[in-house]
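Input: a single structure, listed below in structure tokens.
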Amino acid sequence: MSGIQHASYQSIKPFKSSEEYLYAMKEDLAEWLGDLYHIDIDVNNILEVLETGALLCAHANNVTRVADDFLKRSGPADIQLPASGVTFVSSAHPATFLARDNVTNFISWCRKEMSIPDVLMFETDDLVLRKNEKNFVLCLLEVARRASCFGMASPVLIQLEQEIEEEIREEMEDFPAQAKPQRSLINIQNLDEMVLRCTCPSQFPMVKLSEGKYRVGGSNTLIFVRILRNHVMVRVGGGWDTLEHYLNKHDPCQCPKTRYFPHNVHCCCSSMPRLSKTHRFLQSSSF
790 MSGIQHASYQ SIKPFKSSEE YLYAMKEDLA EWLGDLYHID IDVNNILEVL
840 ETGALLCAHA NNVTRVADDF LKRSGPADIQ LPASGVTFVS SAHPATFLAR
890 DNVTNFISWC RKEMSIPDVL MFETDDLVLR KNEKNFVLCL LEVARRASCF
940 GMASPVLIQL EQEIEEEIRE EMEDFPAQAK PQRSLINIQN LDEMVLRCTC
990 PSQFPMVKLS EGKYRVGGSN TLIFVRILRN HVMVRVGGGW DTLEHYLNKH
1040 DPCQCPKTRY FPHNVHCCCS SMPRLSKTHR FLQSSSF
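All letters in the sequence shown, in the order written, are residues 790 to 1076 by my numbering.
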């Protein structure tokens, strides 16, 4: 099965739209941790792998070592660097007091050594009892984001953020931004070929400003679009969303009740898979 076909089939899985961006972030974190620590981890087992807190604490210690190397190499910096690591029990089993202590120690390290703001923090039960996966994922991403400033390998989402920030800096400095290939595992041109023309009576207003940059809706809202594996991601403001979810929230031409059934005749775009709306956006925004 080709990557394009896989993306099409995945697009009609019955995910709640509000959970799709969380799935994409977990997938990115899992691949990053797997590459970083050579462990068997994926989007389906990431919480099980991390729930003992052992890998989290080991990661905290690794980040601290990288920060120490950065300090020795570059001298004092304007960014906060973690000075202390974490004590933990590597043999802790899930749902035990030792596991909870490990997670609690990691949380304390995030607050004290990395100064992660409360809005991006999680509590022990958010991971151990799955009470708030979103906060846990956002915290882990924020740790990665800050650690990337002093040389720590980062997830693809963080790399995309840096790419976008560089583009914005170049525009503010009036330097002509050179065209750069987007980080994509899916060929956008081929995706466009499989997208049918939208027959909606009212098109969602959008203007393509440059590659991957759009002005959408009736305002001057700017969004940056990037491909992350089988997800089309939107960078708007300071966060990420899937383009599908973003359009669900902002495009008035939606069919929430039939969203997961692409062949339902009551939807004006029913002949398209779920992500085809996303791909239609990319296709129809060209000048």
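Where a beta carbon is used, it is the ideal one built from N, C-alpha and C, also for glycine.
task = Excluding the 5 residues preceding and the 5 following residue 809 in the sequence, name in chain order all residues of the same chain whose CB lies nearer than 7 Å to its CB.
result = Within the sequence shown, residue 809 is the residue found at index 20, counting from 1. Excluding positions up to five away in sequence, the list reads 1031, 1033 and 1034.
task = Going by CA-CA distance only, name the one from 841, 913, 942 and 844 that's closest to residue 855.
result = Walking along the sequence shown from the start, residue 855 turns up at place 66. Nearest C-alpha to residue 855: 942.
message = Give me the DSSP bridge partner(s) of residue 830.
response = For the purposes of this step, residue 830 is taken as the residue at position 41 of the sequence shown. In the DSSP output, where bridge partners are listed per residue, residue 830 has none listed.
query = Taking the alpha carbon of residue 1028 as the point to measure from, which residue in 918, 999, 934 and 846 has its own alpha carbon closest?
reply = On the sequence shown, residue 1028 is found 239 positions in, with the first residue counted as 1. The shortest Cα separation from residue 1028 among 918, 999, 934 and 846 belongs to 934.
request  = State buried or exposed for residue 932, treating a residue as buried only when at least 16 other CB atoms are found within 10 Å of its CB.
outcome  = Counting from 1 along the sequence shown, the entry for residue 932 is found at position 143. The residue is buried, with at least 16 neighbouring Cβ atoms inside 10 Å.
ask   = Relative to the alpha-carbon of residue 884, which residue among 893, 841, 894 and 851 has its alpha-carbon at the smallest distance?
value = The residue you call residue 884 lines up with position 95 of the sequence shown. Residue 841 is the option with its Cα nearest to residue 884.
ask   = Counting along the chain, where does the alpha helix (DSSP H) carrying residue 913 start and finish?
value = Your numbering for residue 913 matches position 124 in the sequence shown. Run containing residue 913: 913–917, per the alpha helix (DSSP H) assignment.
task = Over the uninterrupted beta strand (DSSP E) stretch that includes residue 858, give me the two end residues.
result = Residue 858 sits at position 69 when you count from the first residue of the sequence shown. From DSSP, residue 858 is part of no beta strand (DSSP E) but of the alpha helix (DSSP H) over 843–863.
key: residue 819 versus residue 923: straight-line alpha-carbon distance, rounded   = Within the sequence shown, numbered from 1, the residue matching residue 819 stands at position 30. Within the sequence shown, numbered from 1, the residue matching residue 923 stands at position 134. Cα to Cα, residue 819 sits roughly 14 Å from residue 923.
ask   = So, helix, strand or coil for residue 867, using DSSP?
value = Along the sequence shown, read from residue 1 onward, the residue named residue 867 stands at position 78. DSSP places residue 867 in coil when its eight states are reduced to three.
inquiry  = I want to check one thing, is the minimum distance from the CB of residue 881 to the heavy atoms of the ligand HEM below 6 Å?
reply    = In the structure shown, the ligand HEM is absent, as is every other ligand, since no ligand is present at all.
query = Three or more beta-carbon pairs under 8 Å between the region 827–843 and the region 860–868, yes or no?
reply = no
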